[in-house]
Every structure is written in C-alpha cells, then in structure tokens.
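Residue numbers (UniProt numbering): 1 to 317.
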C-alpha cells in the first residue's frame, strides 16, 4: 500500500509517528511524508494525483495539516482519522458542545473570543480551568482560583484566539489517559498539567469497566478510530476533560505495530466515521466494554459504541 503521512515540524523527531512509519516501511509499504508547515504545496497536484491509499495526520492543533487532510477527504480519499472527526475534537469549544449533547460526562464549558469576556463567568463557577480552544500538549492551561487571579492572567491570554473555561473538577492530581487503537483500550496514569509533580511517572494502570465504556463512547460520539481520552476521577465519577486524535500512545505495548495495523485496516476498508454509522447509546448512557479486550468480541450493541477501526477489526499484514 502507499500511504501519505502529514507530519509537522513539531513531531519531526518524535517516536510517534516515526516509529509507525518505520514499521510500515519494514512491512513493505510505501510511506510518503509531507511536512505541511515547511513545504510549498500546489494543492491540486498533491491531492489530485490520487496516488495514496490513505492519508494520516499527526500535527499540532493549530497547524496547517488539517486543511490538507480535509482537501484529501473532499477529493474522496481515505483519511486517518476521519477529517471531520478531527475538526470536531481539535476545536475544544466544539468538542465540549458535541460531547455534552451526546451524553458524555464533560464539565460545562464557556467559550470566549476575547479574554476579558471571562470576567462575566459567575463567581459560583470558580475555580476555573482556562485554556486555548486550539491548545494541545498542555499548552497554556491555567487553574484560576478567583476573579482577581483571572484579572492578572488576562494580559497573558491576550494573544490567544478562542478560549474556553470550565469549572475545576476536584481530583487526586493525576489524570487517566485512555488510548484507543486497533479495537483495544489501554489506560495510563500520569501527572495532571495543573498539578505538576516530577515524582509522578506515567505508568500503565488497570482500566475500570466504567472508564472503558466512556472511552469507547467517545470514539462513537466523535467518529474517531485512533484517539486518546483524558479522564479525571472526580467526586461524582469519571469526567472527560480532553480528547486527542492520534496521540502519543505512550505505554501501549507494541504501539508502532498496533497503530500500523490499524492504519492499514482503515486504508483497506475505508470505514465510515463511527458517529455517522451508529446511533448514540440509549439515554446517553455509556455501554460497558471489557477493559483492554478486543471490541470486536463485544455484542452488536457494544460494538456500535466502539470506533470504526474496532468494528473493522485489525488487518492482516
């Protein structure tokens, strides 16, 4: 197969996706790498050739790669993930609206185009977590305890475009990161960007049935196949605080091979986005999926809550 990976400068030397590219090449597939932020691209020539079986995006949220991926999708090419699904999670304001409407446990979210408008958030909502709507990798995430702290922070936020603010979810200082790849879910525990502690090292942890069901529902809600979900274990239960397309897959065993097989499976089947293929779970309640078990083994109702790649199954090399 011939694949095109869109990789921006930020990820030029990262293990993900470079290890996946090396693995696919070792299996005999041709992988072309395009760096959207560092290349002069004639769009009709790049997209119009139709030479690739699938396009894969690994870029920062605000980078130009998504535009190129959307152009490929508009020309009828298979993209990983679905280009519309990526747009739905990279805009965190949009992601919050979609997730809350579809029954995901997410905090209420305020969105503003100018930081001074954050002053209008009711005092009862404090403390707040404020971050850019197009942020990634923990960039510019702030815990704001009071309106006075917000006032002092406004000059720092002036250069951001869209901002979101959410009531802080009390937690232990660690996040649960759930990775979805090849129809399986893997969980890691890591230090929260709001509570940095160098003594806390990222590690694999058991995945509860409740969190696994929520993570599977995330794939269905947004139509994602390869993704990560940040979950806080709050006083009222698990809360989804972020969703990432094509994350690092750190701590996932044999991550490069697993991601490579998932990419090949999608390239072969051209699976439609899960959000358009399945109805939401009844009453917005998540379905229970066994932790770190192939979602292809689930019941038809459970499989409908899984991402498209899970329903397609892992492809043979």
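From the three backbone atoms N, C-alpha and C, an ideal C-beta is built for every residue, glycine too.
Could you please give me the residues that DSSP links to residue i through a beta bridge?
i: residue 27; result: Looking at the DSSP assignment, residue 27 forms no beta bridge with any residue, so it has no partner.
i: residue 128; result: 144 and 167
i: residue 176; result: 189 and 231
i: residue 35; result: BP columns for residue 35 are empty, so no partner.
i: residue 6; result: 34 and 57
Can you tell me which of the three DSSP states residue i falls into?
i: residue 145; result: coil
i: residue 187; result: strand
i: residue 231; result: strand
i: residue 42; result: coil
i: residue 22; result: helix
i: residue 158; result: coil
i: residue 194; result: coil
i: residue 201; result: coil
i: residue 119; result: helix
Would you kindly check if the distance between the Cβ of residue j and the Cβ of residue i is under 8 Å?
i: residue 133; j: residue 162; result: yes
i: residue 215; j: residue 264; result: no
i: residue 69; j: residue 83; result: yes
i: residue 198; j: residue 105; result: no
i: residue 78; j: residue 54; result: yes
i: residue 80; j: residue 56; result: yes
i: residue 331; j: residue 109; result: An answer regarding residue 331 cannot be provided, because it is not within the stretch 1 to 317 covered by the chain.
i: residue 141; j: residue 135; result: yes
i: residue 143; j: residue 224; result: no
i: residue 226; j: residue 246; result: yes
i: residue 379; j: residue 251; result: A question about residue 379 goes unanswered here, because the residues of the chain that appear run from 1 up to 317.
i: residue 31; j: residue 66; result: no
i: residue 60; j: residue 259; result: no
i: residue 168; j: residue 127; result: yes
- Query: Mind pulling the beta strand (DSSP E) runs of 3 or more residues that sit fully within the segment 52-115?
  - Reply: Qualifying beta strand (DSSP E) stretches, in chain order: 54-58 and 110-112.
- Message: Could you check whether the segment 112-122 touches the segment 147-154, counting it as contact only if at least three pairs of C-beta atoms, one from each stretch, sit closer than 8 Å?
- Response: The segment 112-122 makes contact with the segment 147-154, as at least three CB pairs between them are under 8 Å.
- Taking only runs of the alpha helix (DSSP H) that begin and end inside the segment 204-269, which ones reach a length of at least 4 residues, in chain order? Within the segment 204-269, the complete alpha helix (DSSP H) runs of at least 4 residues are 209-222 and 255-269.
- Taking three-plus beta-carbon pairs below 8 Å as touching, is the segment 229-237 in contact with the segment 163-182? The answer is yes - the segment 163-182 touches the segment 229-237, with three or more Cβ pairs under 8 Å.
- Query: Three or more C-beta pairs closer than 8 Å, one from the segment 32-39 and one from the segment 5-16: is that the case here?
  - Reply: Touching, yes.
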